[in-house]
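K.L.:
Please find one structure pasted underneath; my questions will follow.
Numbering (the working numbering), first residue to last: 729 to 884.
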């Protein structure tokens, strides 16, 4: 999957381009806040293992080629443990210098638009204290579907 927007190139991570994410590795707290790791550190090998089962999309600035962040599309599993087809849970992160410039809204909206063309729905879970992520979801057409303690569930 490769998507171009006005300011971004969004492409799937693989063995050949994983090295382009190296600048993101210094922001380990972002990986933890995004729920991609709970213990330890994220490195290129960790992301490649994740990318072998899930979809990791790299966001790059069109103008400079700078890696700004990632969108992760995780498989969703039903109550019986079976993978739900045509449904992903989204997670995302941006380096601090790219935050509050509309990059994630632009990238997520374009990504969801492509998935929508394939009749694939997207859900998200966000901590109720994470207001910036909630705003991104709202701007991208997600609707709040449930509240579970401190967790808010969204769907588009």
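Heads up, the beta-carbon is just placed ideally off N, CA and C, and yes, glycines get one too.
1) Could you work out which residue in 855, 791 and 883 is closest to residue 876 when comparing CA atoms only?
2) For residue 759 versus residue 770, is the C-beta spacing smaller than 7 Å?
3) Would you identify the three-state DSSP class for residue 753, choosing helix, strand or coil?
4) Using a Cβ-Cβ cutoff of less than 6 Å, which residues in the same chain neighbour residue 881 once the five nearest sequence positions on both sides are dropped?
5) Here's the rule I'm using: 16 or more other beta-carbon atoms within 10 Å means buried, otherwise exposed. How should residue 861 be labelled?
6) Measuring alpha carbon to alpha carbon, tell me which residue in 765, 798 and 808 is nearest residue 826.
7) When you compare the stretch 800-809 with the stretch 826-835, are there three or more beta-carbon pairs, one atom per stretch, that lie closer than 8 Å?
8) Which full runs of the beta strand (DSSP E) of 3+ residues lie inside the stretch 830-872, going along the chain?
9) Measure from the alpha carbon of residue 743 to the alpha carbon of each residue in 779, 864 and 840, then state which is nearest.
10) By DSSP, does residue 770 sit in helix, in strand, or in coil?
11) Am I right that residue 746 and residue 775 are in contact with their C-beta atoms under 8 Å? What's the rounded C-beta distance?
12) Could you check where the beta strand (DSSP E) with residue 735 kicks off and where it finishes?
13) So is residue 806 buried or exposed if we call it buried at 16+ other beta carbons inside 10 Å?
14) Whose C-beta lies closer than 6 Å to the C-beta of residue 867 among residues of the same chain, with five residues either side of it excluded?
15) If I measure Cβ to Cβ from residue 756 and keep anything under 7 Å in the same chain, skipping five residues before and after, which residues do I get?
16) Where does residue 746 fall in DSSP's three states?
P.N.:
Judging by the given coordinates:
1) 855
2) yes
3) helix
4) 853, 873 and 874
5) buried
6) 798
7) no
8) 849-855
9) 779
10) coil
11) 6 Å
12) Taken as a continuous stretch (DSSP letters only), residue 735 belongs to no beta strand (DSSP E), as it is neither H nor E.
13) exposed
14) 833
15) 769 and 770
16) helix
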